[in-house]
Amino acid sequence: MLRHFFRKTPLAWLQVKREKTRLAVALAGIAFADVLMFVQMGLKDALYDSAASPYAPLQADLFIISSGFENLQVVESFPRERLYQAAGVHGVESINSLYIGRGQWRNSQTRLSYTILTFGSNPNQVAFSLPEVNQQLPKLKLLNRVLYDKAGRENFFGNVPQQLQQTPSLPVQINHRSTQVVGTFTLGASFAADGNLITSDSTFLRLFPERKAHEIDIGLLKLRAKTDIQQVQAALQSRLSKDVLVLTLDELTTREKNYWSNGSPIGFIFGFGTIIGFVVGLVIVYQILYSDVSDHLSEYATLKAMGYSDHYLVGVLVQEALILAVLGFLPGLVLSTGLYFVARSATLLPISMTVSRAAMVLALTIVMCTVSGGVALRKLQAADPADVF
């Protein structure tokens with residue numbers, strides 16, 4: 001059946017390429033619609049990935065958070081005693097804690113303040129699987145010392161890495177308190193934060209005096225080797241109070257992504273932008289195919305008079321739509337890849353072309369062109385052999 005269907009391809013191709021200007025306009029329109037969809041999908045995925053990126057380097061098998069913990073922007077603490085209770089559960093090897101706060105970094109050059117995500121942990125324990133951080137933990141044992149994320153936005157915080165090459169420590173003001181940057185690491189900016197800091201728990205509590213030492217934000221649990229994570233997770237959840245949740249890394253990152261997807265308007269905005277791109281392409285392809293059918297209505301009527309069925313003519317039109325979909329998708333893919341590179345360089349967000357996203361947009365493009373062809377069929381069905389005479 002497929003071979004019978006694609007025997008019509010030469011006629012469809014000849015129809016498509018006959019009007020070079022019309023073909024160029026159609027391909028430009030489809031490429032534009034694809035770029036719109038690619039950009040919206042890319043930014044949406046970058047939002048979700050960057051929002052959850054701070055969890056990835058945390059050194060733990062299970063995580064304890066407050067049941068009211070929504071995301072890194074709306075952190076809710078829980079009593080440290082829950083962490084001590086978890087330490088007594090069979091299978092838990094070690095415990096650690098993490099404080100999270102949104103500090104205000106004052107740029108010494110512009111005198112403006114910018115929000116920076118700050119993590120506080122015990123410098124005698126490893127909380128992050130980042131060699132750059134772990135090698136510099138002894139520096140954080142001194143009060144008022146912090147490590148700066150060199151992947152933060154330079155236009156907000158200044159060129160801190162370059163300044164650190166000239167001096168072992170850089171004085172800065174965070175939350176109106178004098179602090180020393182003594183090293184750097186790489187994590188990356190996100191929609192939730194333009195930069196990140198890592199410091200000791202003692203320095204964190206000094207920078208955020210309203211916080212209480214016995215109230216932590218994330219509990220980090222390291223399990224013994226060959227321990228069943230799900231079994232320990234279930235035991236912890238049943239033993240601990242209902243005011244906390246015990247999550248795996250996947251569940252924690254999914255919770256963060258779900259907030260941005262369902263709990264904020266940003267997910268809707270990007271989804272709506274994708275729909276707009278699809279509708280734009282739908283209209284453009286419909287106009288092209290409708291004009292093509294109108295211009296060749298007499299030829300289609302002649303084919304029907306010669307005995308060709310409506311099924312044959314429908315196949316030709318559908319193939320035209322598929323040809324336009326594939327040819328228009330290719331420049332859209334190339335252009336979007338270039339835009340991703342520019343956006344990643346300018347914003348430091350983890351935005352890049354993926355096979356799954358390319359396949360999704362290609363599928364949407366095929367659907368878009370096929371639907372447009374289906375709407376244009378109404379004009380083709382009006383082709384009457386009597387119109388030839």
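Each residue of the sequence shown is one higher than the one before, starting from 1 at the first, in the UniProt record's numbering. For each residue, glycine too, the CB sits at the ideal point set by N, CA and C. None of the values given here were measured: they were computed from a predicted structure.
Can you tell which of Leu98, Lys20, Val89 has its C-alpha closest to the C-alpha of alanine 234? Val89
Can you tell me whether arginine 102 is helix, strand or coil according to DSSP? strand
Which listed residue (Gln173, Leu282, Tyr312) has its alpha carbon closest to that of isoleucine 366: Leu282
So is arginine 18 buried or exposed if we call it buried at 16+ other beta carbons inside 10 Å? exposed
Can you name the residues that DSSP bridges to serine 178? Gln173
With distances taken Cα to Cα, identify the nearest neighbour of phenylalanine 268 among Thr370, Thr21, Leu43. Leu43
May I ask you to list the residues that DSSP assigns as paired with residue 391? Outside the shown range of the chain (1 to 389) lies residue 391, about which nothing can therefore be said.
Limits of the beta strand (DSSP E) - the one that arginine 145 falls within: 145 to 149
Taking the straight line between their C-alpha atoms, what separation do you get for glutamine 230 and tyrosine 148? One C-alpha to the other measures close to 35 Å.
When Gln173, Thr184, Val361, His176 are compared against glutamine 165, the one with the closest alpha-carbon: Thr184
Is the beta carbon of valine 182 closer than 9 Å to that of tryptophan 105? no
What are the uninterrupted segments assigned as beta strand (DSSP E) that are 3 or more residues long and contained completely in the region 77 to 121, given in chain order? 92 to 106, 113 to 121
Assuming aspartate 243 and valine 75 form a contact by the criterion Cβ under 8 Å, report the distance between their Cβ atoms to the nearest whole angstrom. Their Cβ separation, rounded to whole angstroms, is 15 Å, which puts aspartate 243 and valine 75 out of contact at 8 Å.
Among the candidates Gly277, Ser356, Glu251, Asp61, whose CA atom is the shortest distance from the CA of alanine 225? Asp61
Under the three-state reduction of DSSP, which class applies to glutamate 215: helix, strand or coil? strand
Limits of the unbroken alpha helix (DSSP H) element including threonine 21: 20 to 52
Quick test of your reading: leucine 220 and asparagine 96, contact by CB under 8 Å. State the CB separation rounded to the nearest angstrom. Leucine 220 to asparagine 96, Cβ: 4 Å. Contact.
Put phenylalanine 204 into one of helix, strand or coil per three-state DSSP. helix
Please state the DSSP three-state secondary structure of tyrosine 259. helix
Could you name the residues of the same chain whose beta carbon sits closer than 7 Å to that of glutamine 40, not counting the 5 residues immediately before and after it, in chain order? Phe270, Gly273, Thr274, Gly277
Where serine 352 falls: helix, strand or coil (DSSP): coil
So for serine 67, helix, strand or coil by DSSP? coil
Cα separation between alanine 86 and phenylalanine 63? 10 Å
Tell me which residue opens and which closes the beta strand (DSSP E) that leucine 245 is part of. 244 to 247
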